[in-house]
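Here the structure is laid out as structure tokens; the discussion comes afterwards.
There are 2 protein chains.
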Amino acid sequence: MTKVLSENEAIEVIKAGRIGRLGCVEQEGPYVVPINYLIDGREIYSHALPGKKIDAMRVNPLVCLQVDHIRDDLHWSSAIAFGKFEEIRNPQSRRTVISKLLCGFPKMTPVESQIVQDAAAPDSIVFKIVVDRVTGVLES
Amino acid sequence: MTKVLSENEAIEVIKAGRIGRLGCVEQEGPYVVPINYLIDGREIYSHALPGKKIDAMRVNPLVCLQVDHIRDDLHWSSAIAFGKFEEIRNPQSRRTVISKLLCGFPKMTPVESQIVQDAAAPDSIVFKIVVDRVTGVLES
Numbered sequence: 769m770t771k772v773l774s775e776n777e778a779i780e781v782i783k784a785g786r787i788g789r790l791g792c793v794e795q796e797g798p799y800v801v802p803i804n805y806l807i808d809g810r811e812i813y814s815h816a817l818p819g820k821k822i823d824a825m826r827v828n829p830l831v832c833l834q835v836d837h838i839r840d841d842l843h844w845s846s847a848i849a850f851g852k853f854e855e856i857r858n859p860q861s862r863r864t865v866i867s868k869l870l871c872g873f874p875k876m877t878p879v880e881s882q883i884v885q886d887a888a889a890p891d892s893i894v895f896k897i898v899v900d901r902v903t904g905v906l907e908s
Numbered sequence: 769m770t771k772v773l774s775e776n777e778a779i780e781v782i783k784a785g786r787i788g789r790l791g792c793v794e795q796e797g798p799y800v801v802p803i804n805y806l807i808d809g810r811e812i813y814s815h816a817l818p819g820k821k822i823d824a825m826r827v828n829p830l831v832c833l834q835v836d837h838i839r840d841d842l843h844w845s846s847a848i849a850f851g852k853f854e855e856i857r858n859p860q861s862r863r864t865v866i867s868k869l870l871c872g873f874p875k876m877t878p879v880e881s882q883i884v885q886d887a888a889a890p891d892s893i894v895f896k897i898v899v900d901r902v903t904g905v906l907e908s
């Protein structure tokens, strides 16, 4: 049975996840990568090293984060948050976000722990997705 | 240690998966959904009911399929196949693809079994992604 989730139910799907697939649009078409994230209200936080996805989102800030919980082909839920990419440049805000991400993902590498010590390091990009709308489906 | 995969290695990541995240571009931005798929050479096959992703791909056929195998934050691989959406309309070809998908996913619903009996049913869209290039990364 397929059920279309309410926005609040879809947000719960995203809250319950820790790995999502970030979708963005580059010149050649869509680009999708797995990311760790945290959601707080209607903002989703993550960070990344410079690269293709950051380049793409700086040019076209329309992004989505898709999160699913799949038990098998007949029992799964999936949600998508649509929103806008915004870079977090303020050193204090960067530090706060990275600390929270590290709390959520204690297995992150020493390199990332180093970033907490020096959140101003320009090589890590901290960003948020300001969520505009969330949709989801439950198959059960 | 992060390793950039060769195209052949990245294709292996996709071959080893069964659930991927299809990325496409709709008017409002990127759209990502989980799909079951089969890969055969440089073609990826799947099917779907009419809806947002099919509408989007008919307008803009540039798509990608992202597949990952995540053990934990430090041990994972991810690959992306970039290509073009092509609808499969020939009844015999539709039947062949759906049969193969059913072999790969025996838990698919009776509704989908019904489609095998009547592959001409207009409500299921069978499609392939004609792969242009594949990239991937291994974290180990």
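Line order of the protein sequences matches chains A and B.
Here this note's numbering = 1-based position in the first sequence + 768.
Here this note's numbering = 1-based position in the second sequence + 768.
Glycine included, every Cβ here is placed at the ideal spot set by N, Cα and C.
Can you look up A888(B) in the DSSP assignment and give me helix, strand or coil? In the second sequence, the residue the question calls residue 888(B) occupies position 120. Since pLDDT at A888(B) reaches only 49, below the 50 mark, its modelled position is unreliable, and the value read off the structure follows with that caveat. Reduced to three states, the DSSP call for A888(B) is coil.
Taking C-beta pairs closer than 7 angstroms, name the residues in chain B that V800(A) reaches, listed in chain order. As a position in the first sequence, residue 800(A) is number 32, starting the count at 1. Going along chain B in sequence order, the residues near V800(A) (Cβ under 7 angstroms) are R789, G791, V800, C832, Q834, I848.
Please state whether the Cβ-Cβ distance between D900(A) and G851(A) is less than 7 angstroms. The residue given as residue 900(A) occupies position 132 in the first sequence. The residue given as residue 851(A) occupies position 83 in the first sequence. It is a contact, given that the beta carbons lie within the stated cut-off.
Which residues in the same chain have their Cβ closer than 6 angstroms to the Cβ of Q860(B), if we skip the five residues on either side of it in sequence? Within the second sequence, numbered from 1, the residue matching residue 860(B) stands at position 92. The answer is none, since no qualifying residue turns up.
Using a Cβ-Cβ cut-off of 7 angstroms, state whether G797(B) counts as contacting chain A. In the second sequence, counting from the first residue as 1, residue 797(B) sits at position 29. Output row for G797(B): interface = yes.
E811(A) beta carbon less than 7 angstroms from that of K896(A): Here residue 896(A) is taken as the residue at index 128 of the first sequence, counted from 1. Here residue 811(A) is taken as the residue at index 43 of the first sequence, counted from 1. Cβ atoms of K896(A) and E811(A): closer than 7 angstroms.
CA-CA distance, C871(A) and V781(A)? Locating residue 871(A) in the first sequence gives position 103, where the first residue counts as 1. Locating residue 781(A) in the first sequence gives position 13, where the first residue counts as 1. For C871(A) and V781(A), the distance between alpha carbons rounds to 20 angstroms.
Starting from the beta carbon of I838(B), find every residue of chain A whose beta carbon is closer than 9 angstroms, and list them in chain order. In the second sequence, the residue the question calls residue 838(B) occupies position 70. Residues of chain A passing the Cβ test: I787, P802.
Does the beta carbon of A784(A) sit closer than 7 angstroms to a beta carbon anywhere in chain B? Sequence index remark: in the first sequence, residue 784(A) carries index 16 (1-based). At least 7 angstroms separates the CB of A784(A) from every CB of chain B.
Using C-beta distances below 7 angstroms, list every residue in its chain close to M825(A), excluding the 5 sequence neighbours before and after it, in chain order. As a position in the first sequence, residue 825(A) is number 57, starting the count at 1. These residues qualify, in order along the chain: C792, V831, F853.
Please list, in chain order, the chain A residues whose beta carbon lies closer than 9 angstroms to that of D891(B). Taking the first residue of the second sequence as 1, we reach residue 891(B) at position 123. Correct list: empty, because the minimum Cβ distance to chain A is about 14 angstroms.
By the criterion of Cβ-Cβ separation under 8 angstroms, what are the contact partners of D823(B) in chain A? Here residue 823(B) corresponds to residue number 55 of the second sequence, with the count starting at 1. Contacts between D823(B) and chain A, judged by CB atoms closer than 8 angstroms, are missing: the closest CB pair is about 15 angstroms apart.
From I787(B) to P829(B), what distance separates their C-alpha atoms? Along the second sequence, read from residue 1 onward, the residue named residue 787(B) stands at position 19. Along the second sequence, read from residue 1 onward, the residue named residue 829(B) stands at position 61. When rounded, the distance between both Cα atoms is 20 angstroms.
Taking the beta carbon of A888(B) as the centre, do at least 16 other beta carbons fall within 10 Å, making it buried, or is it exposed? The count along the second sequence starts at 1 and reaches residue 888(B) at position 120. Its pLDDT being 49, under 50, A888(B) is placed unreliably by the model, and the measurement read from it follows with that caveat. By the neighbour-count rule (16 or more Cβ atoms within 10 Å), A888(B) is not buried but exposed.
Cα separation between I856(A) and R862(B)? Counted from its first residue, the first sequence places residue 856(A) at position 88. Counted from its first residue, the second sequence places residue 862(B) at position 94. Between the C-alpha atoms of I856(A) and R862(B) there is a straight-line separation of about 48 angstroms.
Cutoff 7 angstroms: E854(A) Cβ touching any chain D Cβ: Annotation note: the requested chain D is absent from the structure, which comprises protein chains A and B.
Length-filtered (3 minimum) beta strand (DSSP E) runs lying within the stretch 832-879 of chain B: The qualifying runs are 843-856.
Under 7 angstroms, do S754(A) and V905(A) count as touching if we go by C-beta distance? Look at the range of chain A in this structure, 769 to 908, and you will see that residue 754(A) is not part of it.
Where do the ends of the beta strand (DSSP E) carrying N828(B) lie? Numbered from 1 along the second sequence, position 60 holds the residue referred to as residue 828(B). From DSSP, N828(B) is part of no beta strand (DSSP E); its letter is neither H nor E.
CA-to-CA distance, V902(B) to A849(A), given in whole angstroms: The sequence position of residue 849(A) within the first sequence is 81, counting from 1. The sequence position of residue 902(B) within the second sequence is 134, counting from 1. C-alpha separation (whole angstroms): 26 angstroms.
Relative to the C-alpha of I960(A), which residue among A784(A), V898(A), P798(A), V894(A) is closest? Residue 960(A) falls outside the range modelled here, since chain A spans only 769 to 908, and no answer is possible.
Continuous alpha helix (DSSP H) assignments of at least 4 residues falling wholly in the stretch 774-819 of chain A: At a cut-off of 4 residues, the continuous stretches assigned as alpha helix (DSSP H) that sit fully inside the stretch 774-819 of chain A are 775-783.
Contact check, Y799(B) vs K820(B) under 8 angstroms by CB: the rounded distance? Here residue 799(B) corresponds to residue number 31 of the second sequence, with the count starting at 1. Here residue 820(B) corresponds to residue number 52 of the second sequence, with the count starting at 1. The Cβ separation is near 6 angstroms, so the contact holds.
What number of angstroms, rounded off, separates the C-alpha of L833(A) from the C-alpha of L790(A)? For this step, residue 833(A) is matched to residue 65 along the first sequence. For this step, residue 790(A) is matched to residue 22 along the first sequence. The alpha-carbon of L833(A) is positioned some 5 angstroms away from that of L790(A).
Measuring CB to CB, does S814(A) end up less than 7 angstroms from I803(A)? Within the first sequence, residue 814(A) is the residue found at index 46, counting from 1. Within the first sequence, residue 803(A) is the residue found at index 35, counting from 1. Yes; because the gap between Cβ atoms is below 7 angstroms, this pair is in contact.
Buried or exposed (CB count within 10 angstroms, at least 16 for buried), V894(A): Sequence index remark: in the first sequence, residue 894(A) carries index 126 (1-based). Taking all protein chains shown into account, V894(A) has 16 or more neighbouring C-beta atoms within 10 Å of its C-beta and is therefore buried.
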